[in-house]
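Enquirer: Before I ask anything, let me first share the structure, which is written out below as C-alpha cells.
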Amino acid sequence: SAVISQKPSRDICQRGTSLTIQCQVDSQVTMMFWYRQQPGQSLTLIATANQGSEATYESGFVIDKFPISRPNLTFSTLTVSNMSPEDSSIYLCSAQRGRQETQYFGPGTRLLVL
Amino acid sequence: GQQLNQSPQSMFIQEGEDVSMNCTSSSIFNTWLWYKQDPGEGPVLLIALYKAGELTSNGRLTAQFGITRKDSFLNISASIPSDVGIYFCAGPRGNAGNMLTFGGGTRLMVKP
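Quick mapping for you: the protein sequence lines, in order, are chains R and X.
Using this note's numbering, the letters of the first sequence correspond one by one to residues 1 to 114.
Using this note's numbering, the letters of the second sequence correspond one by one to residues 1001 to 1112.
Below is the structure:
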C-alpha cells in the first residue's frame, strides 16, 4: 500500500486569496491525481499530475484556477487560486504505483472560503 | 461521458442487519471498485473486481461484477456500528485505465 499525507488538513480562507495544498507519498508512484469533493457530493477528478510536465485537466477545470506541480515521483501540489465560496470543498490527492494497481487516497484537505 | 448511478443514496439500518447497494452504468466498465469513506478521511478501497461475473469477498463484504459489465453490487452482512460511512462505487473511465469515475455514494447509518 501507499501512505499519503496532505497539508494542510483544513483551512479557512478569505475570498480572492489562494491556497496551496501539498500531497506527499511515502514511496515513488507513477501516477498522482487530484479530486474535489463538494459538500455532500461524490468525488470529481480535477486533473492528473504529470511528473516533469504540465498536468492534464478534466473538462471544467483549468490551469489558471488550479495550477498543479509535480516535481518528483512522491510529491505534488494543487493551488486553488482566487478563491470564492464556491471553492469550499474537500480536495483529495490520490496515487497509483502502476497502471493495474490500486489507487490510494490521502485524507483530504477541507477548505472553507468565506 | 461515463456515469455511475448508485442506489440507494442512504440507508438507516439496525445493527445486525444485512445491507445491499448497487451501481449501474449505461457504459461498460472493465473494472469495478468499491471504496468506503469514513468521516474526515479519504476513501479506502474495499474490493476490486476485474472480471465479468466475478464474486469477491472481504470479510463480511461481498461484491459482484455484473455479467453485462454495466453493474455491480456490494453486500454487507451482519452490520456493525463501524460500518457507518459513505460507500462509493468507482470505475476507470475509457481506455485511460486509471482516472476514476465515482458513483454518487450510499450513506450508511447503523443503529446500535
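By construction, the Cβ of each residue, glycine as well, lies at the ideal position given by its N, Cα and C atoms.
Looking at X/I1047 and X/N1058, is the spacing between their C-beta atoms short of 7 Å?
Expert: Counted from its first residue, the second sequence places residue 1058 of chain X at position 58. Counted from its first residue, the second sequence places residue 1047 of chain X at position 47. Cβ distance < 7 Å, so X/N1058 and X/I1047 count as in contact.
Enquirer: Identify the continuous beta strand (DSSP E) that holds R/Y35 and give its terminal residues.
Expert: For this step, residue 35 of chain R is matched to residue 35 along the first sequence. Unbroken beta strand (DSSP E) run through R/Y35: 31-37.
Enquirer: Determine which residues of the segment 74-107 of chain R have a Cβ less than 7 Å from any Cβ of chain X, and write them out in chain order.
Expert: For the segment 74-107 of chain R, which is checked against every Cβ of chain X, the residues closer than 7 Å are L92, Q96, R99, T102, Q103, F105, G106, P107.
Enquirer: Are the C-beta of X/E1041 and some C-beta of chain R separated by less than 7 Å?
Expert: Sequence index remark: in the second sequence, residue 1041 of chain X carries index 41 (1-based). Chain R contact via Cβ: present.
Enquirer: Apart from the five residues on each side of it in sequence, which residues of its chain come closer than 7 Å, Cβ to Cβ, to R/T30?
Expert: Mapped onto the first sequence, residue 30 of chain R falls at position 30. Around R/T30: Q96, R97, G98.
Enquirer: Starting from X/L1033, follow the beta strand (DSSP E) in both directions and report where the run begins and ends.
Expert: For the purposes of this step, residue 1033 of chain X is identified with residue 33 of the second sequence, where counting begins at 1. First-last of the beta strand (DSSP E) with X/L1033: 1032-1037.
Enquirer: Between the segment 46-64 of chain R and chain X, which residues of the former have CB atoms less than 7 Å from a CB of the latter, in chain order?
Expert: Here the close residues are T48.
Enquirer: Any Cβ of chain R within less than 7 Å of the Cβ of X/G1066?
Expert: If you number the second sequence from 1, residue 1066 of chain X lands on position 66. X/G1066 does not count as touching chain R.
Enquirer: Using a Cβ-Cβ cut-off of less than 9 Å, list which residues of the segment 1044-1064 of chain X approach chain R; keep chain order.
Expert: Answer in chain order: V1044, L1045, A1048, Y1050.
Enquirer: Taking Cβ positions, are R/E54 and R/L45 nearer each other than 7 Å?
Expert: Locating residue 54 of chain R in the first sequence gives position 54, where the first residue counts as 1. Locating residue 45 of chain R in the first sequence gives position 45, where the first residue counts as 1. Contact: no.
Enquirer: Sorted by chain position, which residues of the same chain lie with C-beta nearer than 6 Å to R/I21's C-beta, five sequence neighbours on each side aside?
Expert: By 1-based counting over the first sequence, the position of residue 21 of chain R is 21. Here the set comprises L78, Y91, T109.
Enquirer: Tell me where the beta strand (DSSP E) around X/R1107 begins and ends.
Expert: On the second sequence, residue 1107 of chain X is found 107 positions in, with the first residue counted as 1. Unbroken beta strand (DSSP E) run through X/R1107: 1106-1111.
Enquirer: Checking contacts by CB at 7 Å: is X/F1102 closer than that to chain R?
Expert: Locating residue 1102 of chain X in the second sequence gives position 102, counting from the first residue. It does; some Cβ of chain R falls within 7 Å.
Enquirer: Tell me the residue span of the beta strand (DSSP E) that contains X/T1062.
Expert: To locate residue 1062 of chain X, count along the second sequence from 1; it is residue 62. Its beta strand (DSSP E) spans residues 1061-1065.
Enquirer: Give me the chain R residues within the contact set of X/F1088, using Cβ-Cβ distance strictly less than 9 Å, ordered along the chain.
Expert: Stepping through the second sequence from its first residue, residue 1088 of chain X is reached at position 88. What X/F1088 touches in chain R: S42, L43.
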